[in-house]
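Here my numbering is used: the first residue of the sequence shown is 167, the next is one more, and so on. Each residue gets a CB set at the ideal place from its N, CA and C atoms; glycine is no exception. Since the model is a prediction, treat every value here as computed from it, not as a measurement.
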Amino acid sequence: MKSAAQPRKRKPPERDTVAQLRTELRGAGLRSTGPRVAVLGSLSAATTPRSHGDIAEALAPLGYDRATIYRNLMDLTQAGLVRRADLGDHVWRFELRRGGAEHTQEHPHLVCTDCGDVSCLPEVEVKIVARPGARRPAGALEVQLKGLCEKCE
Numbered sequence: 167m168k169s170a171a172q173p174r175k176r177k178p179p180e181r182d183t184v185a186q187l188r189t190e191l192r193g194a195g196l197r198s199t200g201p202r203v204a205v206l207g208s209l210s211a212a213t214t215p216r217s218h219g220d221i222a223e224a225l226a227p228l229g230y231d232r233a234t235i236y237r238n239l240m241d242l243t244q245a246g247l248v249r250r251a252d253l254g255d256h257v258w259r260f261e262l263r264r265g266g267a268e269h270t271q272e273h274p275h276l277v278c279t280d281c282g283d284v285s286c287l288p289e290v291e292v293k294i295v296a297r298p299g300a301r302r303p304a305g306a307l308e309v310q311l312k313g314l315c316e317k318c319e
């Protein structure tokens, strides 16, 4: 049964040029190294959050090892270019903090309970209101919805 609030189909983002990626890295105060450009480019081309393993596998043919990819993901996260989230399966997934309306702010994700795919739900606004007298959590909230993706319905 399809739900009424299906996410709209999005056109995949256009890949950034190497020059744009280098400029973005320098603007964040990072050196523009080959591995950083490759990791940022991989995330720029992605339409969903990607795990370290996904990125490492995609960049292995370029000669980058898993440790190099991990170190650069941590550097990009610390510099504020990338967001990292654990969607309940103990796997960190990474996505750009820019590149489209869905990545300019925190947004919910749908985790498919059948195939495990993760997708962004940028059109969905979630407002969480604390009960009177409750303390507000420190840091950003992460919202994740679990259910079937369009492929598995």
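Task: Neighbourhood of cysteine 318 by C-beta distance below 6 Å, restricted to the same chain and skipping five residues each side - done: Cβ neighbours of cysteine 318 beyond the five flanking positions: Cys278, Asp280 and Cys281.
- [ ] On a CA-only basis, which of Gly195, Leu262, Leu314 and Val205 is nearest aspartate 231? Give me that one, please.
- [x] Val205
Task: Supposed contact pair alanine 245 and leucine 325 - C-beta distance, whole angstroms, cut 8 Å - done: Absent from the model: residue 325. The displayed extent of the chain is 167 to 319, so no value can be given.
TODO: State buried or exposed for aspartate 283, treating a residue as buried only when at least 16 other CB atoms are found within 10 Å of its CB.
DONE: Looking at its Cβ environment, which holds fewer than 16 other Cβ atoms inside 10 Å, aspartate 283 is exposed.
- [ ] Grab me the residues of serine 217's own chain with a C-beta within less than 8 Å of its C-beta, minus the 5 sequence neighbours each way, in chain order.
- [x] Val257, Trp258, Arg259 and Phe260
Task: serine 208 - DSSP class collapsed to helix/strand/coil - done: helix
TODO: Can you tell me which of the three DSSP states alanine 194 falls into?
DONE: coil
Open item on the list: At the level of alpha carbons, what is the spacing between arginine 188 and alanine 224?
Closed with: 20 Å
Open item on the list: If I follow the unbroken beta strand (DSSP E) through aspartate 280, where does it start and stop?
Closed with: Where aspartate 280 is concerned, there is no enclosing beta strand (DSSP E), given that its DSSP letter is neither H nor E.
Task: Beta carbon of leucine 191 nearer than 8 Å to that of arginine 202 - done: Yes, Cβ-Cβ distance for leucine 191 and arginine 202 is below 8 Å.
TODO: Could you tell me the distance, in whole angstroms, from the CA atom of threonine 213 to the CA atom of arginine 237?
DONE: 22 Å
TODO: With a 10 Å radius around its C-beta and 16 neighbouring C-beta atoms as the bar for buried, classify arginine 297 as buried or exposed.
DONE: exposed
- [ ] Let me know if alanine 300 comes out buried or exposed under the rule of 16 or more other beta-carbons within 10 Å of its beta-carbon.
- [x] exposed
Task: glycine 207 to lysine 312 span [Cα, whole Å] - done: 28 Å
TODO: Please state if the CB of leucine 247 and the CB of alanine 185 are separated by a distance shorter than 8 Å.
DONE: In this structure, leucine 247 does not lie closer than 8 Å to alanine 185 by Cβ.
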